[in-house]
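K.L.:
Just passing along the structure, written as structure tokens.
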Amino acid sequence: MTRPAGRDARDPAVVRALAIDRASPPRERTIDITTTGRRSGEQRRIEIWFYRIEGKVHLSSPPATRGWYANLVAHPAFTVHLKHGVRADLAATAVPVTEEGERRRLLAEVVAVLDQDRMRALYGPPAPLEAFVAGSPLVEVRFS
1 MTRPAGRDAR DPAVVRALAI DRASPPRERT IDITTTGRRS GEQRRIEIWF YRIEGKVHLS
61 SPPATRGWYA NLVAHPAFTV HLKHGVRADL AATAVPVTEE GERRRLLAEV VAVLDQDRMR
121 ALYGPPAPLE AFVAGSPLVE VRFS
């Protein structure tokens, strides 16, 4: 994968864009990521939400098998494309979170974000925490 040029994760505008919290609206947590296809080797770009938990950026989604996750497990180097607050393409590495206790702790925060009144009104109630722990992809994003 070609590494993006330009801004990096230390840029003040990027730091601000990544400094979301539980109350941040969906628009502020929406990014694109470009992964490398695990079988095809082709670049794949999708839209996804990110979560800032315990000072680190994480990616997750509701319980299901996800192509983006399989791609990141096979090819951990990827690009984060910020598009709200600042436009930036950031080189990153995905670190899958697989230990059950750590998954439970981090995914409890994801569920708490999704279980707010505003989010429930837009998207309905989230799956229970146990479903997230058992079946949701979860990666820590480490910026290069």
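With full-length UniProt numbering, letter number 112 in the sequence shown gets 112, and the count goes up by one each step, no holes. All C-beta atoms, glycine included, are put in the ideal place defined by N, C-alpha and C. All values derive from a computational prediction rather than experimental measurement.
Please report the Cβ distance between Arg-142 and Thr-98, rounded to the nearest whole angstrom; I am assuming they are in contact, meaning their Cβ atoms lie under 8 angstroms.
P.N.:
Along the sequence shown, one-based indexing puts residue 142 at 142. Along the sequence shown, one-based indexing puts residue 98 at 98. Arg-142 to Thr-98, Cβ: 15 angstroms. No contact.
K.L.:
Considering only the beta carbon of each residue, do Arg-44 and Thr-35 sit closer than 8 angstroms?
P.N.:
If you number the sequence shown from 1, residue 44 lands on position 44. If you number the sequence shown from 1, residue 35 lands on position 35. In contact: Arg-44 and Thr-35 (Cβ atoms closer than 8 angstroms).
K.L.:
For Arg-104, which of helix, strand or coil comes out of DSSP?
P.N.:
For the purposes of this step, residue 104 is taken as the residue at position 104 of the sequence shown. DSSP places Arg-104 in helix when its eight states are reduced to three.
K.L.:
Answer with buried or exposed for Val-139, where buried requires no fewer than 16 other C-beta atoms within 10 angstroms of its C-beta.
P.N.:
The count along the sequence shown starts at 1 and reaches residue 139 at position 139. By the neighbour-count rule (16 or more Cβ atoms within 10 Å), Val-139 is buried.
K.L.:
Going by DSSP, which residues form a beta bridge with Tyr-69?
P.N.:
Translated into the one-based positions of the sequence shown, residue 69 becomes position 69. None; Tyr-69 has no bridge partner.
K.L.:
Within its chain, find whatever has a CB closer than 8 angstroms to the CB of Val-86; leave out the 5 residues flanking it on each side and keep chain order.
P.N.:
Locating residue 86 in the sequence shown gives position 86, counting from the first residue. Once the five neighbours on either side are set aside, the close Cβ partners of Val-86 are Arg-7, Asp-11, Ala-13, Val-14, Arg-16 and Ala-17.
K.L.:
Quick check: the stretch 49-60 against the stretch 102-113, are at least 3 beta-carbon pairs closer than 8 angstroms?
P.N.:
Yes, since at least three Cβ pairs between the stretch 102-113 and the stretch 49-60 fall closer than 8 angstroms, the two stretches touch.
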